[in-house]
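Protein chains in written order, with numbering that gives the first Met the number 0: chain P, 0 to 321; chain W, 0 to 177.
Since the structure comes first, as structure tokens, the remarks are kept for the end.
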Amino acid sequence: MDCQNFKELLDSYLCGELAVETNHTMLCHAERCCVCRGEMAARRRLRASLRSACSKEKMSDQAMESLRARIRSEAGVGAQAARIVNGKWMRGWFGGLSKAWFLTPAVVALLLVAALGLYVLRRGNSDEVRRLTPEQIKALELSGSLMADSASGHRGCAVHFVNAAGPAEMPDSVREYDPACVGLEKIAAEGAGGLLLRAAHVCESGDRKFAHLVYTRGGGLVSLFVTVRDCQALKSGAAPPFSGLSLGPQRFTLDHIAVGAYQTLKRIVLVASDLSEDETGALLERLARPVVEHLRKTEAGAGLEERLVGFEGREKNEFNRD
Amino acid sequence: MEQNDKLRRLEIFEADALGFSTQLFRVALRVCRDREQAEDLIQETYLQAWRSFHRFEIGTNLRAWLYKILFNVHYSEVRRGRPELAPIEEMIAETIAYDPPTPQHLTEEDVLAALERIPRDFQVPVVLADVEELSYREIADALQIPLGTVMSRLSRGRKLLRMELANYARGAGYQVAN
Numbered sequence: 000m001d002c003q004n005f006k007e008l009l010d011s012y013l014c015g016e017l018a019v020e021t022n023h024t025m026l027c028h029a030e031r032c033c034v035c036r037g038e039m040a041a042r043r044r045l046r047a048s049l050r051s052a053c054s055k056e057k058m059s060d061q062a063m064e065s066l067r068a069r070i071r072s073e074a075g076v077g078a079q080a081a082r083i084v085n086g087k088w089m090r091g092w093f094g095g096l097s098k099a100w101f102l103t104p105a106v107v108a109l110l111l112v113a114a115l116g117l118y119v120l121r122r123g124n125s126d127e128v129r130r131l132t133p134e135q136i137k138a139l140e141l142s143g144s145l146m147a148d149s150a151s152g153h154r155g156c157a158v159h160f161v162n163a164a165g166p167a168e169m170p171d172s173v174r175e176y177d178p179a180c181v182g183l184e185k186i187a188a189e190g191a192g193g194l195l196l197r198a199a200h201v202c203e204s205g206d207r208k209f210a211h212l213v214y215t216r217g218g219g220l221v222s223l224f225v226t227v228r229d230c231q232a233l234k235s236g237a238a239p240p241f242s243g244l245s246l247g248p249q250r251f252t253l254d255h256i257a258v259g260a261y262q263t264l265k266r267i268v269l270v271a272s273d274l275s276e277d278e279t280g281a282l283l284e285r286l287a288r289p290v291v292e293h294l295r296k297t298e299a300g301a302g303l304e305e306r307l308v309g310f311e312g313r314e315k316n317e318f319n320r321d
Numbered sequence: 000m001e002q003n004d005k006l007r008r009l010e011i012f013e014a015d016a017l018g019f020s021t022q023l024f025r026v027a028l029r030v031c032r033d034r035e036q037a038e039d040l041i042q043e044t045y046l047q048a049w050r051s052f053h054r055f056e057i058g059t060n061l062r063a064w065l066y067k068i069l070f071n072v073h074y075s076e077v078r079r080g081r082p083e084l085a086p087i088e089e090m091i092a093e094t095i096a097y098d099p100p101t102p103q104h105l106t107e108e109d110v111l112a113a114l115e116r117i118p119r120d121f122q123v124p125v126v127l128a129d130v131e132e133l134s135y136r137e138i139a140d141a142l143q144i145p146l147g148t149v150m151s152r153l154s155r156g157r158k159l160l161r162m163e164l165a166n167y168a169r170g171a172g173y174q175v176a177n
């Protein structure tokens, strides 16, 4: 592929309209040619600017209300029925409850307790996020080697499976690497709608091992990795005794591969793709969540508990010792 | 019973179909280039969609279906069926043999202004693909034109947009590679 071909196909590549093989050729060319790499970045920025500029254009509230009223009028729905459609809380058992709730103080008490419980729960969650000090957030920074290994694992390994006949199954030998990754493809399947699983295996990239699921979507390749949260995985050189889950996903882009990562206590789940950053972001949440939840439960079942309070540095880190 | 079914259908329509109103409006604005007309187009689109909603198969591509109705309404409103594009395409083809590098350091306002300056028949596919992220096939279905024509208009529309931006960037004193 020459630069002229690359430029002609670039927009279709960014739209995910090219065949997987052509995507690979595009990436190979971008890796070799810094001018085309720059053009790819500039067009990505242009698309983002376009989306952002156009997304500010919205219908007025008045037009929206008028639209709803006309549809309801067209549907022959009267004022009372329209209220029912508007206020979904009026329907079903809750609608019935609303008629009698003032007769049953116990129901009122129950609702108050539920509301209080929800408040406490939400407050608790936000407290957990607030409890992370800047020092603790810094302790969660991923190492450059983990970033490089995951990006090159995606580029170097996943690309060999673009045409593999799916669906794949994780081999039992994964137990030797990490028992929690047995059946990983089934755990991830809950969030993998619209993706085709091409491969499931354990692989190495750089000095790091990964349990690796390879998916394709349209013309794009997506990798889900699970790796050990060891001292080389974090910039500080030590894994802290708390997970990074309250921070949400940590995102980075390396060599045009967008990656997002979640840290549980003992493991790191990464989703890498050559789709746009926005698409990867949307996939990250969906694909990683069931895996993260499974790992979190496994770790809790193994007696591992987070210790946030009193964390003062790596000398208190018990997880690094195993 | 029938009234309950209708209410349920209306509820689904309001929850699902009206959720796309902002996206449809953005495209309607590009098509009409006038806010009031765009709002009228959206009203008519949704009314027609509601009238046909009992035939819509839940679970299929609702967004693409709504876009198709939007362009149907638009084409019938301008009373010319499909727009005549060939002469414009030929004219444009001569002017965009050169594809400039994408300029940098431009604001969203610059980008929007450049988009406004390109002919509507090229602007609409660019917005459908690059802003609303419809697939090329969905765009072809919505605009009721062949896939090849969509690709050709997209290619030219994007080049025109880059040319507008490059011209603006040069005028504003930014450096643009040749």
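Glycine residues also receive a C-beta, built at the ideal position from the N, C-alpha and C atoms.
Predicted model only: the values in this text are computed from it and were never measured.
*Determine, using beta-carbon pairs with one atom in the segment 58 to 74 of chain W and one in the segment 134 to 152 of chain W, whether at least three such pairs fall under 8 Å.*
yes
*How about ARG69 (chain P): is its C-beta nearer than 9 Å to some C-beta of chain W?*
yes
*Do VAL221 (chain P) and THR279 (chain P) come within 9 Å of each other at the CB atom, strictly closer than that value?*
yes
_Residue from W:ARG136, W:LEU40, W:THR101, W:GLU108 with nearest C-alpha to LEU159 (chain W)_ = W:THR101
_Within chain P, the residues that ILE11 (chain W) reaches when beta carbons sit closer than 9 Å_ = Ordered by position in chain P, no residue passes the 9 Å Cβ test against ILE11 (chain W), which lies about 10 Å from the chain.
*How long is the line joining the alpha carbons of HIS23 (chain P) and CYS33 (chain P), rounded to whole angstroms?*
17 Å
*Identify each residue in the segment 24 to 43 of chain W for which the Cβ-Cβ distance to at least one residue of chain P is less than 7 Å, and report them in chain order.*
PHE24, ARG25, LEU28, GLU38, ILE41, GLN42
*What residue ranges within the segment 186 to 230 of chain P form continuous beta strand (DSSP E) runs of no fewer than 3 residues, ordered along the chain?*
195 to 204, 207 to 216, 219 to 227
*Given a cut-off of 9 Å, decide if GLU276 (chain P) and ARG295 (chain P) are closer than it, judged by their beta-carbon atoms.*
no
*In whole angstroms, what is the alpha-carbon distance linking CYS27 (chain P) and GLU76 (chain W)?*
48 Å
*Pull up the distance between the alpha-carbon of LYS87 (chain P) and that of ARG69 (chain P), whole angstroms please.*
Legend: pLDDT at LYS87 (chain P) = 37, less than 50; position of this residue unreliable, no value from coordinates given.
*Integer-rounded CB distance, given that LEU223 (chain P) should sit under 8 Å from VAL290 (chain P)*: 7 Å
_Where the segment 0 to 32 of chain P meets chain W: residues whose CB sits under 7 Å from a CB there_ = LYS6, ASP10, CYS14, GLU16
*asked:* Between LEU327 (chain P) and chain W, is the shortest Cβ-Cβ distance under 9 Å, so that the two count as touching?
replied: No answer is possible for residue 327 (chain P): it lies beyond the span of chain P, which begins at 0 and ends at 321.
_Interface flag, ASP42 (chain P) vs chain W, CB-CB below 9 Å_ = The residue asked about is misnamed: residue 42 (chain P) is Arg in this sequence, not Asp. Yes, ARG42 (chain P) lies at the interface with chain W (some Cβ there is under 9 Å from its Cβ).
*Rounded to whole angstroms, what's the CA-CA distance from ALA52 (chain P) to PHE5 (chain P)? Just pull it up for me.*
27 Å
*Please confirm if SER272 (chain P) has its CB atom under 9 Å from at least one CB of chain W.*
no
_Under 9 Å between C-beta atoms of ALA48 (chain W) and ALA14 (chain W)_ = no
_Spatial neighbours of THR44 (chain W) in its chain, beta-carbon cut-off 8 Å, leaving aside the 5 residues before and after_ = LEU23, ALA27, LEU65, ILE68, LEU69, VAL72
*Which residue comes first and which comes last in the alpha helix (DSSP H) that contains THR333 (chain P)?*
Given that chain P is displayed from residue 0 to residue 321, the structure contains no residue 333 (chain P) and the question cannot be resolved.
_Does chain W have any CB closer than 9 Å to the CB of GLY152 (chain P)?_
no
*Which whole-angstrom value is the C-beta distance of GLY147 (chain W) and PHE121 (chain W), which I expect to be below 8 Å?*
The pair is not a contact, with the Cβ atoms about 15 Å apart (cut-off 8 Å).
*Return helix, strand or coil for ARG250 (chain P), following the three-state DSSP convention.*
strand
*With DSSP run on the structure shown, which of helix, strand or coil describes ILE267 (chain P)?*
strand
*asked:* Does the segment 234 to 250 of chain P come into contact with the segment 153 to 173 of chain P, if we say contact requires no fewer than three beta-carbon pairs (one atom in each stretch) closer than 8 Å?
replied: no
*asked:* Closer than 8 Å is the cut-off here; do at least three beta carbon pairs connect the segment 144 to 155 of chain P with the segment 200 to 207 of chain P?
replied: yes
_Quick check: what's the CA-CA separation for LEU13 (chain P) versus THR215 (chain P)?_
15 Å
*Which word fits ASP1 (chain P), buried or exposed, when buried means at least 16 other C-beta atoms lie within 10 angstroms of its C-beta?*
exposed
*Name, in chain order, the residues that DSSP records as bridge partners for ALA260 (chain P).*
P:GLN249, P:LEU269
*Can you find a CB in chain W that lies within less than 9 Å of the CB of GLU175 (chain P)?*
no
*May I have the straight-line CA-CA distance separating LEU194 (chain P) from THR59 (chain W), to the nearest angstrom?*
17 Å
*asked:* As a quick exercise: from W:LEU9, W:PHE55, W:ARG152, W:ARG161, pick the residue whose alpha carbon is nearest that of GLY75 (chain P).
replied: W:LEU9
*Exposure label - THR263 (chain P); buried when at least 16 CB within 10 Å*: buried
*Please list the partners that LEU114 (chain W) has in chain P, where partner means a Cβ-to-Cβ separation under 9 Å.*
LEU49, ALA52, CYS53
*Helix, strand or coil: how does DSSP classify GLU83 (chain W) here?*
Any reading at GLU83 (chain W) needs caution, since the residue's pLDDT is 46, under 50, leaving its predicted position unreliable; the model's value is listed next. Note: GLU83 (chain W) maps to coil in three-state DSSP.
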